[in-house]
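Worksheet: the structure to be examined is printed underneath.
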Amino acid sequence: MSTATAERAEPNQHPLVGLRGICKRYGAVRANDDISVEFRTGEIHVIVGENGAGKSTLMGVLSGGVIPDDGAILIDGSEVRLRGARDATGYGIGMVHQHFQLVSVFTVAENIALGFERRKRMRLLDLDATRREVRKVSKEFGLALDPDAVVGSLPVGLQQRVEIVKILMRDPRILIFDEPTAVLTAEESDSLLAILRQLSDNGRAIVFITHKLREALALGDRITVLRGGKVVGSPDPATTTIESLGSMMVGRSLHAVERAPGEGKDATEHEAVLSVRDVSYASRTLTGASVRSTSFEVARGEVLGIVGVDGNGQDEITGLVTGMLAPDKGSIWLHGVDMTGRDVPDFLRAGTGVVPADRQHQGLAMGMSLARNLVLDRRSEPQFVRFGGLILDDRAIAAYAVGVIERFDIHAGGPLVPMSSLSGGNQQKVVIARELERDISLLVASQPTRGLDVGSIEYVHSRMLEAARNGCAVLFVTSELDEALALSDRIAPLYEGRILSIEERPFDRARIGVMMGGG
Amino acid sequence: MPPSPPVASRSRFRAFLVWLRTAHTSVIFICSLISGLFVGAVVIVLTIPASRSSWGQLFSHPTHTFSVTGDTLGNAYGALLSGAFGTPSVFGHAITHFSLASWSVALSPVGSTITTAVPLAISGMGLAIAYRSGVFNIGAASQLIGGGILASWVGFSLGSLPMPLHVALGLLAGAVGGFIGGLVPGVLKITTGANEVIVGIMLNYAMVGVLTYLISDTFFSELAGASPEGRVTLPTGSLPYLFGSVVGIDTGVIVAVIALIFGWLLLSRSRLGFEFELFGGSPGAARLAGIRQRRVFLVSFCVSGAVVGLAGAVEIIGVQHQLQSTFGGDLGVLAITVAFVGRNRPLGIVLASILYGVLQNGGLNMQGVAGVSYQLSTVIEAIIVLFMIAPALVTELYRLRPALNASGALSLSRGWGQ
Chain C
307 MSTATAERAE
317 PNQHPLVGLR
327 GICKRYGAVR
337 ANDDISVEFR
347 TGEIHVIVGE
357 NGAGKSTLMG
367 VLSGGVIPDD
377 GAILIDGSEV
387 RLRGARDATG
397 YGIGMVHQHF
407 QLVSVFTVAE
417 NIALGFERRK
427 RMRLLDLDAT
437 RREVRKVSKE
447 FGLALDPDAV
457 VGSLPVGLQQ
467 RVEIVKILMR
477 DPRILIFDEP
487 TAVLTAEESD
497 SLLAILRQLS
507 DNGRAIVFIT
517 HKLREALALG
527 DRITVLRGGK
537 VVGSPDPATT
547 TIESLGSMMV
557 GRSLHAVERA
567 PGEGKDATEH
577 EAVLSVRDVS
587 YASRTLTGAS
597 VRSTSFEVAR
607 GEVLGIVGVD
617 GNGQDEITGL
627 VTGMLAPDKG
637 SIWLHGVDMT
647 GRDVPDFLRA
657 GTGVVPADRQ
667 HQGLAMGMSL
677 ARNLVLDRRS
687 EPQFVRFGGL
697 ILDDRAIAAY
707 AVGVIERFDI
717 HAGGPLVPMS
727 SLSGGNQQKV
737 VIARELERDI
747 SLLVASQPTR
757 GLDVGSIEYV
767 HSRMLEAARN
777 GCAVLFVTSE
787 LDEALALSDR
797 IAPLYEGRIL
807 SIEERPFDRA
817 RIGVMMGGG
Chain S
13 MPPSPPVASR
23 SRFRAFLVWL
33 RTAHTSVIFI
43 CSLISGLFVG
53 AVVIVLTIPA
63 SRSSWGQLFS
73 HPTHTFSVTG
83 DTLGNAYGAL
93 LSGAFGTPSV
103 FGHAITHFSL
113 ASWSVALSPV
123 GSTITTAVPL
133 AISGMGLAIA
143 YRSGVFNIGA
153 ASQLIGGGIL
163 ASWVGFSLGS
173 LPMPLHVALG
183 LLAGAVGGFI
193 GGLVPGVLKI
203 TTGANEVIVG
213 IMLNYAMVGV
223 LTYLISDTFF
233 SELAGASPEG
243 RVTLPTGSLP
253 YLFGSVVGID
263 TGVIVAVIAL
273 IFGWLLLSRS
283 RLGFEFELFG
293 GSPGAARLAG
303 IRQRRVFLVS
313 FCVSGAVVGL
323 AGAVEIIGVQ
333 HQLQSTFGGD
343 LGVLAITVAF
353 VGRNRPLGIV
363 LASILYGVLQ
373 NGGLNMQGVA
383 GVSYQLSTVI
393 EAIIVLFMIA
403 PALVTELYRL
413 RPALNASGAL
423 SLSRGWGQ
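If you're matching them up, the sequences are chains C and S in order.
The end of the first sequence is residue 825 by the numbering used here, with every number in the run present.
The end of the second sequence is residue 430 by the numbering used here, with every number in the run present.
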């Protein structure tokens, strides 16, 4: 990822927005514990922290959505009270959320008008005025947008642009971006970061939340690290390393998990566990992608990383190799047996373990207890049932869960707590623990570290590599190039439903990045 | 040093008060009840001529207004309670003149309440099984009628069988009838994709037609005409009374208890119930866990229908003893409400069905004794449901604090049946 321009205008030292002693509690949890930060005009201020560190809560306070229990918000030096997003907008605070707040069936202009509708005579909606304004602001900031395009049909990068223009039209003095590059390609990220640079140079304050340490260091003029609801440091981006930043975030020293170059080399000589032959799948939904004539193989003990930007067919490929989807053309083989057209239970029985991309809706039953979630796909096994398989042996299941919690270091109240009470990282640990505890020969992991904090990422990576060392074939799909580079024996860049090539070590980072973008 | 008891109990009391002010399900239920009764009170005051006219004198004789209002309300709601539970004076008589007869009379209202509650509890539990699985079983009426028809058939034939066997077969026939009522929409959904709500509603209508036809034109018929009646269940096929016919509680109560225990076991403890909950609560995860979705859907529908059919059987061979053209309609709708208000949990269903038993029987008494229209109890029931559907409204109105779930995040109200 290229960095922004080297020369920067001298930032105005006048603090535009100050948060002083912000405290917010949710029950017994102190989401924000006496946090004080300042945001200045002309500066890009990056906030980094693990999930649960309090970043979202803090930004909620700043954007008016969350009312703090204690502390003050100062704008231009005087204290203000924000009672909602409207108030915040009135003070010139604009936020682009990680999960876009757009109506996909509305046009760009309609989305932007929502909540701030312009009216003409007789209180009729004046959409034309909004459309004109959208064009004007687009031009002014170089963010090309067609006001009449239906938002649902736009690529993610443009959807984000709609959110940005939406905010710019309210003339904000401080813009907050929550994990904006999570869904962008490398190119789109670069252009976004250039836009941010331009906006800050024009006298606005930019606040940028990210968990990508590399980005934080490249972009930020100032960095604030949050951990456990407190500010634990404000390192200077010019002199900090990624390792030290990561350690500050986690509170202990981290070591990168990487596949040793020698490992897995002879794995490819083994017989393929999973063989995908010339598979095509036409998308059935408006927003889905298609898979075109794709072929690849994963052998015992090998790690194959499919890398691409979200929406290029990853979910479809994951669905196809797990039996959720049936290919239109081509075949899928497991252990030399043709599994094409078979359903999920057959794939599971053939030794496939799945860590799905959407852990909350596909990987876990959020309303159930931790213990029950650990036996989701093992509910027929004799050690978990009684009376001839009719009644669940809850006591045995709970005892088993206690063992798993210990072995996998899952932070939870106990085996019977509801899944929803665990953090994202621990939820993912449950999914991984469940699959690894089964007798599997193929692990399919889709976006396994998405939304996880640095510590959990390290853990997931080490478990995946351990599985490979134990002879499991590992197929993992990710949008993080660095993750693929670190873990894979071979990398398969994916673009528009097609695997462009199978790259071997040593990997050419730039080349793969280009292929991800379609080049 | 351990805290002294007064301190501990004070803080526990305070904790209870805090609990009372937070939007837990039970608190919402209590508030909905209060709202319902309040609206009912307003309607009562306005419909009884004496109290209505007294409000015209609010500013000239305020004490008169309030005393008349108080009298009217006391009269009406007193009638409600005595219709549902019994009159204190009759109990007093029963205590002083202890005999079977006097106690039977005293307990008769309670008996009616329980008799009303029983089929509601059974069918509510049956529906809860479906709803927890994410299956929208709206065909409760058709399952009740189907069960009632088959149970009645067994009940008025097979006279040579001894009683326990005859009754057991009648109940079994009811379950089969309900099972078929669940099978139809279930199979149609999994083979053709037909919407089970629409099929269920249509089947309700269809079954009413079948019922009317059977009791008018076939061997089922006892009395044809404008209000046809079916043949009467034989004594050997009827559910026996537990405490005599005056009290009126039949062994259907035992069936209800068994059904509720069965429902609880199935949903909370069994492997099949695990699959139901998974399918209903997390359909995405269910697929990846290897659940055969069509199979689970159909099984859930059929089990649900069977339990509802059992309720139909209990009502026919235990209470009404013969089919009538109006059978099943009201009960079908009320069962859905009971399942909903009871939040699809066995305990909640018991409480909800007793509540409805109270309102129905008490309502009849209110009409007879206090001159308040019986429809008012329907109004109160409806208001309660209205508020239970909208916990956010109750939270606002009663200034409750939003409930926090285990992770400390806001507990948002889930959708239908959750």
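Every residue, glycine too, gets a C-beta built ideally from N, C-alpha and C.
Owing to the predicted nature of the structure, the values given are computational and were not obtained by experimental measurement.
For C/H767, the enclosing alpha helix (DSSP H) stretches over residues V760 to R775. Within the region 362 to 390 of chain S, no residue has a Cβ lying closer than 9 Å to any Cβ of chain C. When the Cα atoms are used, C/K330 and C/G324 turn out to be separated by approximately 16 Å. At a Cβ-Cβ threshold of 8 Å, C/L551 and C/A522 count as neighbours.
Beta bridge pairing from DSSP links C/S586 with C/K635.
Taking 8 Å as the CB threshold, S/A318 stays off the interface with chain C.
Residues of the region 299 to 312 of chain S with a C-beta atom less than 9 Å from some C-beta of chain C are R299, L300, A301, G302, I303 and R304, listed in chain order. The Cβ of S/R281 sits closer than 8 Å to at least one Cβ of chain C.
C/F782 and S/V199 have their alpha carbons spaced roughly 39 Å apart.
For S/S294, a Cβ of chain C is located within less than 8 Å of the residue's own Cβ. At least 8 Å separates the beta-carbon of C/V681 from that of C/F693.
Between C/K426 and C/K735, the alpha-carbon positions lie close to 55 Å from each other.
When C-alpha distances from C/V354 are compared across C/M555, C/E786, C/D745 and C/G619, the shortest belongs to C/M555.
Contact note: C/D664 reaches chain S through G296, using a C-beta cutoff of 9 Å and chain order. For C/S553, the enclosing alpha helix (DSSP H) starts and ends at I548 to V556.
For S/R283, the enclosing alpha helix (DSSP H) covers residues R283 to G293.
In this structure the region 647 to 657 of chain C does not lie against the region 700 to 708 of chain C, because fewer than three pairs of beta carbons, one per stretch, are closer than 8 Å.
Neighbours of C/M630 in chain S, taken as residues whose beta carbon is under 9 Å from its own, are R299 and L300 in chain order. Contiguous alpha helix (DSSP H) elements confined to the region 364 to 408 of chain S occur at 387 to 401, taking only those with 4 or more residues. Around the beta-carbon of C/K472, 16 or more other beta-carbon atoms lie within 10 Å, marking it buried. The DSSP-derived three-state label of C/V402 is strand. Counting C-beta atoms within 10 angstroms of its own C-beta, C/T784 has 16 or more neighbours from the protein chains shown and is therefore classed as buried.
With 16 or more other Cβ atoms from the protein chains shown falling within 10 Å of its own Cβ, C/E494 counts as buried. Within the region 20 to 46 of chain S, contact with chain C at the beta-carbon level (separation under 9 Å) is assigned to no residue. Going by beta carbons, S/F148 and S/V209 fall inside the 8 Å limit.
At least one beta carbon of chain C lies nearer than 8 Å to the beta carbon of S/L290. Taking 8 Å as the Cβ-Cβ cut-off, the region 672 to 705 of chain C approaches chain S at M672, G673, M674, R678, L682, D683, R685, S686, V691, G695, L696, I697, L698 and D700, given in chain order.
Here S/Y143 is not bridged, per DSSP, to any residue.
Taking a Cβ-Cβ threshold of 8 Å, the residues of chain C close to S/F286 are R678, R685 and L698, in chain order. Going by DSSP, C/V443 is part of the alpha helix (DSSP H) stretching over L433 to F447. Three or more pairs of CB atoms, one per stretch, sit closer than 8 Å, so the region 353 to 373 of chain S contacts the region 389 to 396 of chain S. Straight across, the Cα-Cα distance linking C/P662 with C/L431 is about 44 Å.
Each of S/D83, S/I348, S/T37 and S/R283 was checked against the Cα of S/V311, and the nearest Cα belongs to S/R283. By the neighbour-count criterion, in which 16 or more other beta carbons inside 10 Å mark a residue as buried, S/S135 falls on the buried side. Judged by DSSP secondary structure, C/I341 falls within the beta strand (DSSP E) whose first and last residues are V335 to R346. Under the DSSP assignment, C/R713 falls in the alpha helix (DSSP H) whose first and last residues are D700 to R713.
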